[in-house]
Every structure is written in structure tokens, then in C-alpha cells.
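**Q** Sequence order for the protein chains is A and B.
Residue numbering for the first sequence follows my numbering, beginning at 34 and increasing consecutively.
Residue numbering for the second sequence follows my numbering, beginning at 127 and increasing consecutively.
This is the structure I have questions about; it appears just below.
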Amino acid sequence: MKIKQNSSDRIFSLFIYISITIVALISLYPFIYVFSMSISDPRSAASGQVFFFPVGLSGMAYERVFMNSNIWRSFYNSFWITGIGTTFMIAFTVMAAYPLSRPKFFARKFFTAMFVFTMFFWGGLIPFFQVVKSTQLYGSRWALVLPYLVETWNLIICRTFFQSLPESLFESGKIDGASDFKLMTKIALPLSKQILAVLALYYGISNWNGWFAAILFLPDSKMHPLQVFLKRVLTEAQSADAMMSYANIGTSGMLSLMQVKYAIIIVASVPIIALYPFVQKYFEKGVMIGSLKG
Amino acid sequence: MKHRTGTGKKSRFWSLCKRDWMLLAIIALPVIYYIIYKYIPMIGVLMAFQNVPRRGSFFSIFTNPWIGLENFTRFFNSPFFFRLIRNTFLLSLYSILWSFPIPIIFALMLNEVRVKKYQRTVQTISYMPYFISIVVAVGIVVNFLNPQDGIINQVLLRLGLDSINFIQDPRYFRTIYITSGIWQTYGYSAILYIAAISCIDQQLYEAARIDGASRLQQVRHITFPSIIPTIIILLILSLGNLLNVGFEKVLLLYSPSTYSVADVISTYVYRVGIVDTDFGFGTAVGMFNSIVNFAFIIIFNKIARSVSGISLW
């Protein structure tokens, strides 16, 4: 139904559209600038001519980035941590959430309380650190996986999802003689693609973006994931010099460190950006399931 | 069909275990995880009352000498005590003051965008910054503010002003911290409000239109009041977390030259407890942080309940 707008409504509309557009541009601008700088011709980039769009085109910054073997090694570490970590975390979360979702499970309230309690109380960083060390994980990439297997908030979202599956399906399965295990694997899981996608998204992003655990538990820089490598290059002068020292004299002498840094930022963010279409689909659903019911 | 060998509580328990043994088996591994990595560290809190050797393992907790509240008094008497509390409190308070209203305003404004496609596009753009890692976000901030090559200083130079070393200057730390925080999180925080707004009964708007209300009036009298419960709950949660300031981000953004403003309790715990391996002292400071945090949640929940009838529990 078309409503005729009077003039104050039109001014309101105009104001809204202008403001929203400005906000959107502000959110986007850093990405655009970083990307433009990374692909601009070095002379223009170094002389401060780039403000929004790239000036001239050059792949030299990316060349420099990929020549550095540490980047490849840290990519590998990140893929290992994200792949293995996310898989284990999803598995453990589902294993914890499914029994909690069965209304007839006799120990349901006990274990729910046990898990939820940890959302309010934490031993603290140092006892946690000590425990991880004492379980012999110090120095291993498993220290970035095993101590972080279940995020209780995700557990609750997962349980809520399982609870939303129609009880009649489980009942008819029970009548057919299925065991609890079969009920989980043959009935619940095939219907759970949505929640598994949400968990994969949450844990995947958390693993890919994670850096502090690596600082805590991995003294050997060869094991460091991409974000830690990034941190060292972006904020430490010596690592930055190491990046630049691959330079030969000549045209590549013009290549500024700033461009290389921006190129690394883009490279580190590419997997997240590539996931973005999927993010839209599952992310908002996940937040809504979690908050409206949790 | 239950097969009861007796009617005592103990045998009832065991028969329930037998009935649900598979569910117990499934949940067993996660339970072990929780015990080892979430519950056992809670016992580690005892280290706060001990003199913990710097190279000790977790098990030294059984053999360390007890020193009562010495770690705590050491912290209270430390020259940094007041500074740490002030920095933590102020950083958190200013963060909430500035970054709490913005997602709300944004959600209200976005809801008024009638062209659905544009609305979806802007919303997606708005939470893009949330997904980049904190390292990338801080990396962008630090490099934009770089005194030689950063774009902000390039603009300043063009305007004839001097370049400023923002990152090393304690006067700018809070502004940088809060502004970058808003940029990164406003879109994500707005999602909850947008979801709440979408639940509003459309008939309210039709009735208002028939009564001749302008769009602005509709927002003020329908949209905004409808999300007030959501706002209050989120406000309680934010305030309850008052001393829980963004540890990783401060760690990445701060430097010794900005400690006077930027050093917060959690970063101090990290430096003292992990880097300097003073485990007992670090645990005590961390424990202090947790207790005060907990007290804040309870206090704010009570205030909210008596003022508005809405609370977390």
C-alpha cells in the first residue's frame, strides 16, 4: 500500500539515506584504502598520492610477500590449526549438546549446570596456563586446540537447535528399536546442517583469527600461525626489516614497507572475505538462535 | 521397562545409568574436557595464596608454601594499583558510554531504509569489520596512524600541520581504542537490535499512520520503546563486564610509553604472571579482577531490577 509522504517525512528519508550511506562508506573505507595501496604502483604509493583508488597498478608488494618462506609456513600452521581445531571443536560441542537436549536424559540438569557454571567463573589466565603446560601441550600446536574444545555459548546454541527438532521423529525411531547413538547419528545429525554450519563458522573464524594462544604456548616461531606472523611484521621493526631485506637494489628499492604490510593484511584476510557469502546466510541465524532463546 | 533389583536410591541411580548409558558415553569426552581445562584451573586459584616457584608445574600447588594474603597486600600496596584500577575502569566506562548507543541508533536508522536491498547491503557492510582478526584491525589502525607513512598524518601534512605520533602518545590512546572498537563492532552489535525491531507488530505502525504520525514520530513512539527491554538487558550485561576490558586489543595497541593510560589489570596480570612467571602474584591479581567483576554484575542486576523490573534473573 503506497502511503503519500508529506514533506517532513521526505526530509527524514533524505537524512536517513545520507547518514546510512556515510556510515557504510566509513566502514568500507579502510578496506578500500588498504587494498588500493597494496596494488598501487610503488612510486605513487610512496609519494602519498593514493587516497581512495589505486594509482597505477603493480603486483610488487604481493611478490615480496610470497617470496618470504615464513608466510607459507605460517599459512600452513593456520590451516592445520583451523582445520583440525574446528573439526574437534564441532565434534565435542555436538557430543556435549546432544545428550543435554534429550528431555528424558536423567543427568541432564546436572551436566547443564556443570557446563553453564563455567560461563560465570573462570580460574584465570595463570592457572589455565599452568594446566595446559602440565598436560604436556606446551610447544605443540595441539595447545591451540585441546584447551579450547568447547565454547559454552556455542554449546547452548547447539543444544537449543537439537531441542527444536520434532520429538516425534525420535519417538518413532525409538519404537523402531534405535539406540540413543543411532538416534543421534541417523536422525538428529542429518537434520543439523544449519547448526553445524553455524558452529563451523564460529569456531573456524575464531581459530583462523586466533593469535594469543599461540603467543602463550608456542615459543618456536616456526609453529606460529598467520596472525602471529602478521603481528610481528606489522608492529615490530626487526621483522619488518627482515621482510624488506629480500629486496634487490633497483626498481624494487622503491617498494615501501607500508605497501608490503598492506599486502600481507589483504592476504591474511582473504579466507575470511571468501567466506563472506556464507557468513551472511548462517551468521545472523546463529546470533538469533543464541540470543532469543539462550 | 525398568528391571529393578531393589528400590533404594542407589540402585535406582544405577538403573538410570544403565538406561541412558549411551548418552553418558557420548557426553563423557566433553565432560573430561571441562574437568581438565575449566574446573581444574579453578583449583589453581589457590596459587593466589601461595609462594609459587617460578619454574613450578601446576602440581606444585600441593607443595607450595602458604603465604595467606601476602600477594594481595603486595598488589594493594603496589605503586601501580591505583593506576591499573583507574585505567581499567575508565577505559571500560568510556567504551561503553560511546559504543553502546551507536548500534542502537544505527539499527533504528537502518530500519527506516525502505529499499530492502540497500538495507541488506549496508547491514552486511556494517559487520564486515567484525570478521577481520584483531591483529589485522590493530594493524590497520597502527599503520594508518604511522607518523611517516600513515594516511592520517599524510592528510595532516597536506593541511600544513605537524605529524603526530599517535600510537606512542598516551593522550590519544583511549580515543584510538574506543573509535576503532566502534568501527569494528557496531554492525555486529546492531544485529540483536535489528532482530528485535523486526519483531514489532506492523499494525502499530499502520495505526500510527492513520492517526497522521510522521516517520520520526513513529520511530520515537513505536520503534524505540519496543526495544527498550533489549537495550536494558544488553546494558546490564555490558556494565556487568565493566572491569573486563578488551585484553587482546590493549595488548596489541599499548606500549611502555602508554602504560600510564593503557595498562589495565588483565595486561598487568599477563606481564607479571606469564612473562615474568610470578605465578602466585599474577593469580592473586587476576582473582581480584574476577571478584570485582562478579560483584559488578550482581550490583547492576539489582539496580536494573529495582528501577525497571527487568533483569537477567
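Ideal placement from N, C-alpha and C gives every residue a C-beta, glycine not left out.
No experiment lies behind these values; they were computed from the predicted model shown.
Helix or strand or just coil, what does DSSP make of TRP224(B)?
**A** Position 98 of the second sequence, counted from the first residue, corresponds to residue 224(B). The answer is helix: DSSP assigns TRP224(B) an H, G or I state.
**Q** Write down every uninterrupted run of the alpha helix (DSSP H) in the stretch 349-384 of chain B whose length is 4 residues or greater and which is fully enclosed by it, in chain order.
**A** 354-366, 373-379
**Q** Tell me whether LYS375(B), by its Cβ, gets closer than 7 Å to a heavy atom of the ligand FAD.
**A** As for the ligand FAD, it is missing from this structure, which has no ligand bound.
**Q** Does ASN110(A) have its Cβ less than 8 Å from a Cβ in chain B?
**A** In the first sequence, counting from the first residue as 1, residue 110(A) sits at position 77. Not closer than 8 Å to any Cβ of chain B, the Cβ of ASN110(A) fails to qualify, so no.
**Q** So, at 7 Å on beta carbons, what are the nonlocal neighbours of ASN242(A) in its own chain, with the 5 sequence-adjacent residues on each side left out?
**A** Here the question's residue 242(A) lines up with position 209 in the first sequence. Closer than 7 Å at the Cβ level, and outside the excluded window around ASN242(A), lie GLN260.
**Q** Name, please, each residue of chain A whose Cβ falls closer than 7 Å to the Cβ of LYS164(B).
**A** Residue 164(B) sits at position 38 when you count from the first residue of the second sequence. Under the 7 Å cutoff, chain A gives THR151.
**Q** From the DSSP secondary-structure annotation, give me the bridge partner or partners of TRP192(B).
**A** Start at 1 with the first residue of the second sequence, and residue 192(B) comes out as number 66. GLN176(B), per the DSSP bridge assignment.
**Q** By the 8 Å beta-carbon criterion, what residues does the stretch 163-175 of chain A contribute toward chain B?
**A** Listed by position, the residues of the stretch 163-175 of chain A near chain B (Cβ gap below 8 Å) are GLN163, VAL164, VAL165, LYS166, SER167, THR168.
**Q** PHE185(B) to THR185(A), Cα distance in whole Å?
**A** Residue 185(B) sits at position 59 when you count from the first residue of the second sequence. Residue 185(A) sits at position 152 when you count from the first residue of the first sequence. When rounded, the distance between both Cα atoms is 27 Å.
**Q** Give a yes or no on whether the minimum CB-CB distance between TYR156(A) and chain B is below 8 Å.
**A** Within the first sequence, residue 156(A) is the residue found at index 123, counting from 1. Per the sequence presented here, residue 156(A) reads as Gly, with Tyr not at that position. It does; some Cβ of chain B falls within 8 Å.
**Q** Is it buried or exposed, GLN488(B), if we count other Cβ atoms within 10 angstroms and call 16 or more buried?
**A** Residue numbering for chain B in the displayed model covers 127 to 439; residue 488(B) lies beyond these limits and cannot be assessed.
**Q** Is GLN294(B) near SER383(B), with beta carbons less than 8 Å apart?
**A** What you label residue 294(B) is simply residue 168 of the second sequence in a count that begins at 1. What you label residue 383(B) is simply residue 257 of the second sequence in a count that begins at 1. Yes, these two residues count as a Cβ contact at 8 Å.
**Q** Mind checking whether ARG180(B) and THR393(B) have CB atoms under 8 Å apart?
**A** Here residue 180(B) corresponds to residue number 54 of the second sequence, with the count starting at 1. Here residue 393(B) corresponds to residue number 267 of the second sequence, with the count starting at 1. No, they are not a contact pair.
**Q** Excluding the five sequence neighbours on either side, which residues of its own chain have a C-beta within less than 7 Å of the C-beta of THR214(B), listed in chain order?
**A** For the purposes of this step, residue 214(B) is taken as the residue at position 88 of the second sequence. Excluding positions up to five away in sequence, the list reads LEU369, VAL371, VAL390, ILE391.
**Q** Determine the extent of the alpha helix (DSSP H) in which PRO296(B) is found, giving its start and end residues.
**A** Along the second sequence, one-based indexing puts residue 296(B) at 170. It spans 296-324 - the alpha helix (DSSP H) in which PRO296(B) sits, taken as one unbroken run.
**Q** Once DSSP output is grouped into helix, strand and coil, what is the label at HIS257(A)?
**A** The residue given as residue 257(A) occupies position 224 in the first sequence. Of the three classes helix, strand and coil, the one that applies to HIS257(A) here is coil, per DSSP.
**Q** 8 Å is my cut-off, CB to CB: does ASN103(A) come that close to chain B?
**A** The count along the first sequence starts at 1 and reaches residue 103(A) at position 70. ASN103(A) does not count as touching chain B.
**Q** Check this for me: beta carbons of ILE306(A) and VAL266(A), under 8 Å apart or not?
**A** Translated into positions along the first sequence, residue 306(A) becomes position 273. Translated into positions along the first sequence, residue 266(A) becomes position 233. No, these two residues do not count as a Cβ contact at 8 Å.
**Q** Let me know the alpha helix (DSSP H) ranges lying completely inside the stretch 131-207 of chain A, each 4 residues or longer, listed in chain order.
**A** If we require 4 residues or more, the alpha helix (DSSP H) runs fully inside the stretch 131-207 of chain A come out as 141-150, 158-167, 185-196.
**Q** Check this for me: beta carbons of ALA174(B) and ALA410(B), under 8 Å apart or not?
**A** Working through the second sequence from its first residue, we reach residue 174(B) at position 48. Working through the second sequence from its first residue, we reach residue 410(B) at position 284. Yes, the Cβ-Cβ distance between ALA174(B) and ALA410(B) is below 8 Å.
**Q** In angstroms with no decimal places, state the Cα-to-Cα distance between ALA280(A) and ILE299(A).
**A** The sequence position of residue 280(A) within the first sequence is 247, counting from 1. The sequence position of residue 299(A) within the first sequence is 266, counting from 1. Bear in mind that a pLDDT of 47 at ALA280(A), under 50, signals an unreliable position, so the number given afterwards is only what the model happens to contain. Rounded to the nearest angstrom, the two C-alpha atoms are 20 Å apart.
**Q** Mind pulling the chain B residues with CB within less than 7 Å of ASP42(A)?
**A** If you number the first sequence from 1, residue 42(A) lands on position 9. Simply SER340, ARG341.
**Q** Can you tell me whether CYS143(B) is buried or exposed, with buried defined as 16 or more other CB within 10 angstroms of its CB?
**A** Working through the second sequence from its first residue, we reach residue 143(B) at position 17. Exposed, since its Cβ has fewer than 16 Cβ neighbours within 10 Å.
**Q** Hey, how far is the Cα of TYR315(A) from the Cα of TYR256(B)?
**A** Within the first sequence, numbered from 1, the residue matching residue 315(A) stands at position 282. Within the second sequence, numbered from 1, the residue matching residue 256(B) stands at position 130. Going by the C-alpha atoms only, they are around 15 Å apart.
**Q** Which residues in the same chain as PRO296(B) place their Cβ atom closer than 6 Å to its Cβ, once the five residues preceding and following it in sequence are excluded?
**A** Stepping through the second sequence from its first residue, residue 296(B) is reached at position 170. Correct list, in chain order: THR384, SER386, VAL387.
**Q** Buried or exposed: HIS257(A), going by 16 or more other Cβ atoms within 10 Å of its Cβ?
**A** Counting from one through the first sequence, the residue named residue 257(A) turns up at place 224. Label assigned to HIS257(A): buried.
**Q** Does ASN269(B) have its Cβ less than 8 Å from a Cβ in chain A?
**A** Numbered from 1 along the second sequence, position 143 holds the residue referred to as residue 269(B). So, interface residue.
**Q** Report the rounded CA-to-CA distance for VAL401(B) versus PRO75(A), giving the unit in angstroms.
**A** The count along the second sequence starts at 1 and reaches residue 401(B) at position 275. The count along the first sequence starts at 1 and reaches residue 75(A) at position 42. Rounded to whole angstroms, VAL401(B) to PRO75(A) spans 40 Å at the Cα level.
**Q** Give me the chain B residues within the contact set of GLN260(A), using Cβ-Cβ distance strictly less than 9 Å, ordered along the chain.
**A** For the purposes of this step, residue 260(A) is identified with residue 227 of the first sequence, where counting begins at 1. Under a criterion of Cβ atoms nearer than 9 Å, the residues of chain B adjacent to GLN260(A) are, in order, SER259, ILE260, VAL261, VAL262.
**Q** Please check the pair LEU236(B) and GLN249(B), which I expect to be a contact at CB under 8 Å, by giving their CB distance rounded to whole angstroms.
**A** Your numbering for residue 236(B) matches position 110 in the second sequence. Your numbering for residue 249(B) matches position 123 in the second sequence. Going by Cβ atoms, the distance from LEU236(B) to GLN249(B) rounds to 6 Å, so yes, they are a contact pair.
**Q** Counting contacts by CB-CB distance shorter than 8 Å, is LYS142(A) in contact with chain B?
**A** By 1-based counting over the first sequence, the position of residue 142(A) is 109. LYS142(A) does not count as touching chain B.
**Q** So the candidates are GLY157(A), ASN39(A), PHE311(A); which of them puts its Cα closest to the Cα of ALA230(A)?
**A** By 1-based counting over the first sequence, the position of residue 230(A) is 197. That would be PHE311(A), whose Cα lies nearest to the Cα of ALA230(A).
**Q** Chain A partners of GLY313(B), CB-CB under 8 Å?
**A** Looking up residue 313(B) in the second sequence gives position 187. Going along chain A in sequence order, the residues near GLY313(B) (Cβ under 8 Å) are SER60.
**Q** Could you pull out every residue in the same chain whose Cβ sits closer than 6 Å to the Cβ of PHE206(B), ignoring the five residues on either side in sequence?
**A** Here residue 206(B) refers to the residue found at position 80 when the second sequence is read from its first residue. Here the set comprises nothing.
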